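K.L.:
Number of protein chains: 2
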Amino acid sequence: MTRAEENYLKTIFHLGKGHNANISTNAIAQQVETKPSSVTDMAKKLADKGLLHYTKYQGVSLTDTGSRTALSIIRKHRLWELFLVKKLDFSWDEVHEVAEQLEHIKSEKLIDRIDALLGFPRFDPHGDPIPTKDGQFLERDKELLSELPPGTQGICVGVKDSSAPFLRFLDRNRIALGHTIEILEKEDFDKSLLIYREGEPLRISHQIASNLYIKKNDPWNK
Amino acid sequence: MTRAEENYLKTIFHLGKGHNANISTNAIAQQVETKPSSVTDMAKKLADKGLLHYTKYQGVSLTDTGSRTALSIIRKHRLWELFLVKKLDFSWDEVHEVAEQLEHIKSEKLIDRIDALLGFPRFDPHGDPIPTKDGQFLERDKELLSELPPGTQGICVGVKDSSAPFLRFLDRNRIALGHTIEILEKEDFDKSLLIYREGEPLRISHQIASNLYIKKNDPWNK
DNA sequence: AATTAAATTTAGATGAGTCTAAACATTGTT
DNA sequence: AACAATGTTTAGACTCATCTAAATTTAATT
Numbered sequence: 010m011t012r013a014e015e016n017y018l019k020t021i022f023h024l025g026k027g028h029n030a031n032i033s034t035n036a037i038a039q040q041v042e043t044k045p046s047s048v049t050d051m052a053k054k055l056a057d058k059g060l061l062h063y064t065k066y067q068g069v070s071l072t073d074t075g076s077r078t079a080l081s082i083i084r085k086h087r088l089w090e091l092f093l094v095k096k097l098d099f100s101w102d103e104v105h106e107v108a109e110q111l112e113h114i115k116s117e118k119l120i121d122r123i124d125a126l127l128g129f130p131r132f133d134p135h136g137d138p139i140p141t142k143d144g145q146f147l148e149r150d151k152e153l154l155s156e157l158p159p160g161t162q163g164i165c166v167g168v169k170d171s172s173a174p175f176l177r178f179l180d181r182n183r184i185a186l187g188h189t190i191e192i193l194e195k196e197d198f199d200k201s202l203l204i205y206r207e208g209e210p211l212r213i214s215h216q217i218a219s220n221l222y223i224k225k226n227d228p229w230n231k
Numbered sequence: 010m011t012r013a014e015e016n017y018l019k020t021i022f023h024l025g026k027g028h029n030a031n032i033s034t035n036a037i038a039q040q041v042e043t044k045p046s047s048v049t050d051m052a053k054k055l056a057d058k059g060l061l062h063y064t065k066y067q068g069v070s071l072t073d074t075g076s077r078t079a080l081s082i083i084r085k086h087r088l089w090e091l092f093l094v095k096k097l098d099f100s101w102d103e104v105h106e107v108a109e110q111l112e113h114i115k116s117e118k119l120i121d122r123i124d125a126l127l128g129f130p131r132f133d134p135h136g137d138p139i140p141t142k143d144g145q146f147l148e149r150d151k152e153l154l155s156e157l158p159p160g161t162q163g164i165c166v167g168v169k170d171s172s173a174p175f176l177r178f179l180d181r182n183r184i185a186l187g188h189t190i191e192i193l194e195k196e197d198f199d200k201s202l203l204i205y206r207e208g209e210p211l212r213i214s215h216q217i218a219s220n221l222y223i224k225k226n227d228p229w230n231k
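Top to bottom, those sequences are chains A and B. Under the working numbering, read the first sequence as residues 10 to 231, first letter to last. Under the working numbering, read the second sequence as residues 10 to 231, first letter to last.
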């Protein structure tokens with residue numbers, strides 16, 4: 010399994026969002042930063058290897074083996090990200106690039122030991138779930154901040170966009186995973202929100218709110 | 010700088026043992042596990058990039074830049090090896106293969122943080138010196154056990170051969186870095202040694218002794 | 001100094017992954 | 001139903017790193 014093959018599988022998994030739909034050549038090309046014609050070639054190769062279902066002009070989907078392989082790469086990526094943050098003091102906007110490299114290191118023992126060193130964590134620094142060795146993972150029950158009504162209180166548990174600029178914006182505005190957030194007001198006109206976090210109010214745009222995942226506080230199940 | 014290029018530079022550095030002699034095509038081919046004709050191609054390429062001096066039929070030597078590059082790869086390799094042993098409980102015979110992959114990860118920040126996490130160590134798990142960021146490294150003053158006369162006492166500070174079978178032999182026979190070793194007798198016939206270590210005597214062949222580095226105990230400079 | 005042996009280089013080919021440009025399919029619109 | 005517009009695939013070419021087989025140079029031996 011080459012690095013390129015692994016990157017294709019990972020990308021196809023992400024584009025299918027777990028549901029394993031048929032993914033178009035173009036969509037993959039854009040994500041992998043290559044040309045559609047290159048994707049076609051790779052699709053054939055991965056289909057030959059039994060990792061993809063591929064029908065001409067109809068896009069691709071992952072086979073069981075392909076899916077398992079993708080999950081193991083995602084597992085490695087997310088474990089490395091958490092390692093960088095927890096053990097080497099990287100900030101959450103710096104980890105992606107390095108994890109993109111580390112995820113391709115071939116050693117089961119290595120990743121299992123990293124897993125153990127971190128205490129078998131279930132979520133990465135952006136709140137995304139870390140698949141277990143056998144490919145299981147729980148999506149945490151969470152909602153977009155932008156979808157919740159004023160008065161809601163909850164904990165920030167993830168980000169939808171995990172690009173460095175967005176993450177740095179959150180840092181500057183003292184929004185981080187684990188923080189409690191309460192919606193004070195919602196402006197009808199532009200759907201911006203006035204929220205309360207870390208003891209202070211803050212106004213955020215709809216675009217920001219629609220990239221923040223919140224777990225509502227459940228008074229019964231504290 | 011591709012992975013293959015990095016491996017060539019590292020290998021050429023090792024073959025020159027720091028002195029930067031002219032290294033033959035054949036010697037490199039053997040070490041990199043490729044054919045001499047491939048080495049010729051790569052030699053030309055690296056010479057074009059200013060990393061090697063290359064004259065047809067005369068072998069290659071590292072330029073200053075080439076040497077610095079090689080040292081930075083060796084630094085990474087040895088830091089990763091120590092990380093695996095110290096933080097992830099790998100044994101010293103398991104680390105090489107994985108470090109061969111990790112040494113190619115491109116992130117200065119990453120390796121500097123690993124360095125800090127380990128407390129800026131000066132030697133790797135096999136007793137080899139770890140170059141600093143600016144390419145300096147001290148060879149520890151050490152001698153081969155096989156070269157020392159009976160009666161000598163010292164500390165085991167390194168291994169010449171760091172192949173897994175040899176390292177596992179040492180584990181089985183309770184010889185490790187940091188252990189005190191004393192030469193009790195030397196057999197003229199086969200140059201085997203009777204040594205004392207960990208409270209017990211042990212007979213070892215000349216071949217074993219000639220792969221163990223000892224730092225003699227200096228009563229004045231304890 | 002001539003000849004043989006060994007090391008090294010050239011020439012041409014291969015596989016992985018990519019590209020461009022042209023051909024072909026599918027979809028949506030009139 | 002015909003035709004764009006868009007999406008996808010083929011064909012042919014390129015780079016990187018490698019190979020084999022043949023040619024060439026250097027070194028060793030007589």
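Quick reminder that beta carbons are idealized off the backbone N, C-alpha and C, glycines included. Quick caveat: nothing in here was measured; it's all calculated off a predicted structure.
Quick check: is the beta carbon of R122/B nearer than 7 angstroms to any beta carbon in chain A?
P.N.:
As a first step, residue 122/B is located in the second sequence; it is residue number 113 there, counting from the start. For R122/B, the answer is yes, since a Cβ of chain A falls inside 7 angstroms of its Cβ.
K.L.:
How big is the Cα-Cα spacing for F178/B and K95/B?
P.N.:
Position 169 of the second sequence holds residue 178/B. Position 86 of the second sequence holds residue 95/B. If you take the alpha carbons of F178/B and K95/B, they lie about 21 angstroms apart.
K.L.:
Is the beta carbon of G187/A closer than 7 angstroms to that of Y222/A?
P.N.:
Taking the first sequence and counting its residues from 1, the one referred to as residue 222/A is at position 213. Taking the first sequence and counting its residues from 1, the one referred to as residue 187/A is at position 178. No, these two residues do not count as a Cβ contact at 7 angstroms.
K.L.:
Compare the Cα-Cα distances from D199/B to each of I217/B, T141/B, K169/B and report the closest residue.
P.N.:
Position 190 of the second sequence, counted from the first residue, corresponds to residue 199/B. Selected option, being the one with the closest Cα: I217/B.
K.L.:
Given a threshold of 16 other Cβ atoms within 10 Å of its Cβ, counted over all protein chains shown, does E196/B qualify as buried or as exposed?
P.N.:
On the second sequence, residue 196/B is found 187 positions in, with the first residue counted as 1. Exposed is the call here.
K.L.:
Going along chain A, which residues have a C-beta under 9 angstroms from I114/B?
P.N.:
By one-based count along the second sequence, residue 114/B stands at place 105. Chain A residues near I114/B: V107, Q110, L111, I114.
K.L.:
Within 7 angstroms of any Cβ in chain A, is that where the Cβ of L119/B sits?
P.N.:
Mapped onto the second sequence, residue 119/B falls at position 110. Nearest CB-CB separation between L119/B and chain A: below the 7 angstroms threshold.
K.L.:
Roughly how many whole angstroms lie between the Cα atoms of L119/A and E191/B?
P.N.:
By 1-based counting over the first sequence, the position of residue 119/A is 110. By 1-based counting over the second sequence, the position of residue 191/B is 182. Cα-Cα distance, rounded: 37 angstroms.
K.L.:
Counting only C-beta atoms, is L97/A closer than 7 angstroms to chain B at any point?
P.N.:
For this step, residue 97/A is matched to residue 88 along the first sequence. Put simply, the CB of L97/A is near chain B, with a gap under 7 angstroms to one of its CB atoms.
K.L.:
Excluding five sequence neighbours on each side, which residues of the same chain lie with their C-beta closer than 7 angstroms to the C-beta of G68/A?
P.N.:
By 1-based counting over the first sequence, the position of residue 68/A is 59. Around G68/A: N31, I32, S33, T34.
K.L.:
Taking all protein chains shown into account, decide if M10/B is buried (16 or more other Cβ within 10 angstroms of its Cβ) or exposed.
P.N.:
As a first step, residue 10/B must be located in the second sequence, where it is residue number 1. Classification for M10/B: exposed.
K.L.:
Leaving out the 5 sequence neighbours to the left and right, which residues in its chain are closer than 6 angstroms to S81/B when beta-carbon positions are compared?
P.N.:
Working through the second sequence from its first residue, we reach residue 81/B at position 72. Here the set comprises nothing.
K.L.:
Would you check if the distance between the CB atom of W101/B and the CB atom of L176/B is smaller than 7 angstroms?
P.N.:
Your numbering for residue 101/B matches position 92 in the second sequence. Your numbering for residue 176/B matches position 167 in the second sequence. Yes, these two residues count as a Cβ contact at 7 angstroms.
K.L.:
Determine the chain A residues that contact L126/B at a beta-carbon separation under 8 angstroms, and present them in chain order.
P.N.:
The residue labelled residue 126/B in the question sits at position 117 within the second sequence. Neighbours of L126/B on chain A, chain order: K96, L97.
K.L.:
In the structure shown, what three-state DSSP assignment does P210/A receive?
P.N.:
Reading the first sequence from its first residue, position 201 is the one you call residue 210/A. Note: P210/A maps to strand in three-state DSSP.
K.L.:
Do S219/B and S172/B have their beta-carbon atoms positioned less than 7 angstroms apart in this structure?
P.N.:
To locate residue 172/B, count along the second sequence from 1; it is residue 163. To locate residue 219/B, count along the second sequence from 1; it is residue 210. Going by C-beta atoms, S172/B is not nearer than 7 angstroms to S219/B.
K.L.:
Does the count of Cβ pairs from the region 53-60 of chain A and the region 68-79 of chain A closer than 8 angstroms reach three?
P.N.:
Segments in contact, yes.
K.L.:
With S116/B and V107/A assumed to form a contact (beta carbons below 8 angstroms), what rounded beta-carbon distance in angstroms separates them?
P.N.:
On the second sequence, position 107 is the one that residue 116/B refers to. On the first sequence, position 98 is the one that residue 107/A refers to. About 5 angstroms; that satisfies the 8 angstroms criterion.
K.L.:
Between which two residues does the alpha helix (DSSP H) carrying E15/B extend?
P.N.:
The count along the second sequence starts at 1 and reaches residue 15/B at position 6. Unbroken alpha helix (DSSP H) run through E15/B: 12-25.
K.L.:
Looking at T20/B: is its Cβ nearer than 7 angstroms to the Cβ of Q40/B?
P.N.:
By one-based count along the second sequence, residue 20/B stands at place 11. By one-based count along the second sequence, residue 40/B stands at place 31. Yes. Within cutoff.
K.L.:
Given M51/A, which residues of its chain have a CB within under 6 angstroms of its CB, disregarding the five upstream and five downstream residues?
P.N.:
The count along the first sequence starts at 1 and reaches residue 51/A at position 42. So the list reads Y17, once near-sequence residues are dropped.
K.L.:
What residues in its chain sit with their C-beta under 7 angstroms from that of D137/A, if we drop five residues either side in the sequence?
P.N.:
The residue you call residue 137/A lines up with position 128 of the first sequence. Excluding positions up to five away in sequence, the list reads R87, G167.
K.L.:
By a C-beta neighbour count over all protein chains shown, 10 Å radius and 16 as the cutoff for buried, is E194/A buried or exposed?
P.N.:
Here residue 194/A refers to the residue found at position 185 of the first sequence. By the neighbour-count rule (16 or more Cβ atoms within 10 Å), E194/A is not buried but exposed.
K.L.:
To the nearest angstrom, how far is the alpha carbon of I114/B from that of L111/A?
P.N.:
The residue labelled residue 114/B in the question sits at position 105 within the second sequence. The residue labelled residue 111/A in the question sits at position 102 within the first sequence. Each residue's Cα considered, the two are about 7 angstroms apart.
K.L.:
DSSP three-state label for K224/B, please.
P.N.:
As a first step, residue 224/B must be located in the second sequence, where it is residue number 215. Three-state DSSP puts K224/B in a strand.
K.L.:
What are the start and end residues of each continuous alpha helix (DSSP H) run of 4 or more residues lying completely inside the region 167-215 of chain A, in chain order?
P.N.:
Qualifying alpha helix (DSSP H) stretches, in chain order: 173-181.
K.L.:
In this structure, does DSSP put L60/B in helix, strand or coil?
P.N.:
Walking along the second sequence from the start, residue 60/B turns up at place 51. In this structure, L60/B counts as coil in the three-state DSSP scheme.
K.L.:
Per DSSP, which residues does I139/B bridge with? Please list them.
P.N.:
Locating residue 139/B in the second sequence gives position 130, counting from the first residue. I139/B pairs with nothing; no bridge assigned.
K.L.:
According to DSSP, simplified to helix, strand and coil, what is Q145/A?
P.N.:
Within the first sequence, residue 145/A is the residue found at index 136, counting from 1. For Q145/A, the three-state secondary structure derived from DSSP is coil.
K.L.:
Closest by CA to E207/A, which one among D227/A, H23/A, R181/A?
P.N.:
Here the question's residue 207/A lines up with position 198 in the first sequence. Of the residues D227/A, H23/A, R181/A, the one whose Cα lies closest to the Cα of E207/A is R181/A.
K.L.:
The beta strand (DSSP E) spanning S70/A covers which residue range?
P.N.:
Indexing the first sequence from 1 puts residue 70/A at position 61. That run of the beta strand (DSSP E) goes 69-71.
K.L.:
Once the 5 residues before and after F22/A are set aside, which same chain residues still bring their CB inside 6 angstroms of it?
P.N.:
Translated into positions along the first sequence, residue 22/A becomes position 13. Around F22/A: A79.
K.L.:
Closer than 6 angstroms by C-beta to K169/A: which residues in its own chain qualify, once you throw out the five before and the five after it? Chain order, please.
P.N.:
To locate residue 169/A, count along the first sequence from 1; it is residue 160. Result list for K169/A: N220, in chain order.
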